[in-house]
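Undergrad: Each residue of the first sequence is one higher than the one before, starting from 27 at the first, in the numbering used here. Can you keep this structure in mind? I'll have questions shortly.
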Amino acid sequence: MPELPEVETTRRGIAPSLKQRSIRAVVVRERRLRWPVPRNLPALLTGQRIRTVRRRAKYLLIDLQRGSLIVHLGMSGSLRVLPATTPAQTHDHLDIVLDSGLALRFSDPRRFGCVLFVTGDPLAHKLLHRLAPEPLQARFNGDYLQQVCRGRRAAIKAVLMNSRLVVGVGNIYASEALFRARIDPCRPANKLSSQQLHALTRAIKQVLTLAIRAGGTTLRDYVGANGDPGYFRQKLYVYERSGKPCRRCRTAIRQLTQAQRSTYYCPTCQGS
DNA sequence: ATGGGCACCTGGCTGC
DNA sequence: TGCAGCCAGGTGCCCA
């Protein structure tokens, strides 16, 4: 998916067109997402004014006068703002039509994403309430990561991908942050020094910030709110670069599988 | 509690 | 050209 930088880029892209607009209609073409789109979603949303568009981890929260939408882009989802009359393509599952004549269009070929409606505090929702702190906030720091890794024998890469421990970091940025911090992805989390965990925290914040600045990373499907891809792919050090020379030391980048996901690393820069 | 594996789904690419 | 097999940005859930 869309990891944190792509979701944040989407949020920034769609928010100006949504804020203070009223919902004129909702068109649901495909209800079968990760969880079914509520049958009565059009009735729930139509006539409501949109207040704010927030992000929590990789979830987008669209707050309305009454209730909120919780949107997740899954692996292949995107949200775009376009004229409501734009013909729908395959995989354009849902439109939220605004009083401006524009529509927010949710597309997701793999349908791992979701669009849910909740009344009350969306942060208290089952999917959100146990999430780790936001990685770009001060509370996410070396001390936090050290506390989380204490007694954990799982590989550090797996820890970075566990949303109860760290949010926003997916398969791309986990590899990239570990490279920047010069840490072997297979190292058990509890074997890392305090210094390494502080460096890793800084690397996570840095790579996410730089990726947001570049509009995210597009490998295949991802596009931002205006349909443009993200440009951080050119800045990746290891992800999808196996066999290519390390940008730091020229050693060939290697790929391995951890928890059924590809991990990319430089055996020289990230040796144990 | 922790960690590992599977499932959900479509599409694109590779190799026979 | 066709088709099987494999891979892909996530994460909830089940089991040991």
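Built from N, CA and C at the ideal position, the CB exists for glycine as well. Quick caveat, the model's predicted, so the values are computed rather than measured.
Relative to the alpha-carbon of S133, which residue among L149, G100 and T289 has its alpha-carbon at the smallest distance?
TA: Stepping through the first sequence from its first residue, residue 133 is reached at position 107. Ranking the options by Cα distance to S133, first place goes to G100.
Undergrad: Could you give the first and the last residue of the continuous alpha helix (DSSP H) run that contains S31?
TA: By one-based count along the first sequence, residue 31 stands at place 5. One point to set straight first is that residue 31 is Pro, not Ser, in the sequence displayed. Unbroken alpha helix (DSSP H) run through P31: L30 to L44.
Undergrad: I need the DSSP call for V195, collapsed to helix, strand or coil.
TA: As a working note, residue 195 is residue 169 in the first sequence. If DSSP states are grouped into helix, strand and coil, V195 belongs with coil.
Undergrad: Using the beta-carbon count (16 or more within 10 Å), is C140 buried or exposed?
TA: Along the first sequence, read from residue 1 onward, the residue named residue 140 stands at position 114. That one is buried.
Undergrad: So, A203 versus L186, is the Cβ gap smaller than 8 Å?
TA: For the purposes of this step, residue 203 is taken as residue 177 along the first sequence, with counting starting at 1. For the purposes of this step, residue 186 is taken as residue 160 along the first sequence, with counting starting at 1. Cβ atoms of A203 and L186: closer than 8 Å.
Undergrad: Using DSSP bridges, identify the partner residues of V54.
TA: The count along the first sequence starts at 1 and reaches residue 54 at position 28. Answer is L120.
Undergrad: Between which two residues does the beta strand (DSSP E) carrying T227 extend?
TA: One-based indexing of the first sequence puts residue 227 at position 201. T227 -> not in any beta strand (DSSP E); alpha helix (DSSP H) instead, spanning S220 to R239.
Undergrad: Rounded to whole angstroms, what is the Cα-Cα separation between D89 and K217?
TA: Position 63 of the first sequence, counting from 1, holds the residue named residue 89. Position 191 of the first sequence, counting from 1, holds the residue named residue 217. Their Cα atoms are separated by approximately 42 Å.
Undergrad: Between V52 and V123, which are expected to be in contact by the criterion C-beta below 8 Å, what is the C-beta distance as a whole number of angstroms?
TA: By 1-based counting over the first sequence, the position of residue 52 is 26. By 1-based counting over the first sequence, the position of residue 123 is 97. Right, the Cβ-Cβ distance comes to about 7 Å (below 8 Å), so this counts as a contact.
Undergrad: Can you tell me where the alpha helix (DSSP H) with P68 in it begins and where it stops?
TA: Here residue 68 refers to the residue found at position 42 when the first sequence is read from its first residue. Note, P68: alpha helix (DSSP H), L67 to L71.
Undergrad: Which two residues bound the contiguous beta strand (DSSP E) that contains V107?
TA: Start at 1 with the first residue of the first sequence, and residue 107 comes out as number 81. Where V107 is concerned, the enclosing beta strand (DSSP E) stretches over S104 to P109.
Undergrad: Using only alpha-carbon positions, find the residue among R60, G256 and S288 that is nearest to R211.
TA: Within the first sequence, the letter at position 185 stands for residue 211. Looking at the sequence itself, residue 211 is Pro, so the reference to Arg does not match. The shortest Cα separation from P211 among R60, G256 and S288 belongs to S288.
Undergrad: DSSP three-state call for C175: helix, strand or coil?
TA: In the first sequence, counting from the first residue as 1, residue 175 sits at position 149. In this structure, C175 counts as helix in the three-state DSSP scheme.
Undergrad: Suppose you measure from the CA of I279 to the CA of L262; what does that come to, to the nearest Å?
TA: Here residue 279 refers to the residue found at position 253 of the first sequence. Here residue 262 refers to the residue found at position 236 of the first sequence. Near 12 Å, if we compare the C-alpha coordinates of L262 and I279.
Undergrad: Just the C-alpha distance for G241 and A181, rounded to the nearest angstrom, thanks.
TA: For the purposes of this step, residue 241 is identified with residue 215 of the first sequence, where counting begins at 1. For the purposes of this step, residue 181 is identified with residue 155 of the first sequence, where counting begins at 1. Taking the straight line from one Cα to the other gives about 29 Å.
Undergrad: Quick one: measure Cβ to Cβ for R259 and Y290, integer angstroms, because I've assumed they're closer than 8 Å.
TA: The residue you call residue 259 lines up with position 233 of the first sequence. The residue you call residue 290 lines up with position 264 of the first sequence. R259 to Y290, Cβ: 13 Å. No contact.
Undergrad: Taking the alpha-carbon positions, what's the T72 to I49 distance?
TA: As a working mapping, residue 72 is identified with position 46 in the first sequence. As a working mapping, residue 49 is identified with position 23 in the first sequence. So the alpha carbons of these two residues sit roughly 5 Å apart.
Undergrad: Counting only the same chain and skipping the five closest in sequence on each side, list residues whose C-beta sits under 7 Å from that of R156.
TA: Position 130 of the first sequence holds residue 156. So the list reads R190, once near-sequence residues are dropped.
Undergrad: Take L236 as the anchor and find which of G256, Q222 and V249 has the nearest alpha-carbon.
TA: Stepping through the first sequence from its first residue, residue 236 is reached at position 210. For the residues G256, Q222 and V249, the minimum Cα distance to L236 belongs to G256.
Undergrad: Rounding to the nearest angstrom, what Cα-Cα distance links S201 and G177 in this structure?
TA: As a first step, residue 201 is located in the first sequence; it is residue number 175 there, counting from the start. As a first step, residue 177 is located in the first sequence; it is residue number 151 there, counting from the start. Each residue's alpha carbon lies about 22 Å from the other.
Undergrad: In terms of residues, what are the limits of the beta strand (DSSP E) holding L87?
TA: Within the first sequence, numbered from 1, the residue matching residue 87 stands at position 61. Residues Y85 to L90.
Undergrad: Given this structure, state the Cα-to-Cα distance separating S219 from N167, to the nearest angstrom.
TA: Against the first sequence, residue 219 aligns to sequence position 193. Against the first sequence, residue 167 aligns to sequence position 141. Their Cα atoms are separated by approximately 14 Å.
Undergrad: With respect to the alpha helix (DSSP H) encompassing A184, which residues constitute its N-terminal and C-terminal limits?
TA: What you label residue 184 is simply residue 158 of the first sequence in a count that begins at 1. That run of the alpha helix (DSSP H) goes I182 to L186.
Undergrad: With burial defined as no fewer than 16 other Cβ atoms inside 10 Å of the residue's Cβ, what is the status of K84: buried or exposed?
TA: Here residue 84 corresponds to residue number 58 of the first sequence, with the count starting at 1. Label assigned to K84: buried.
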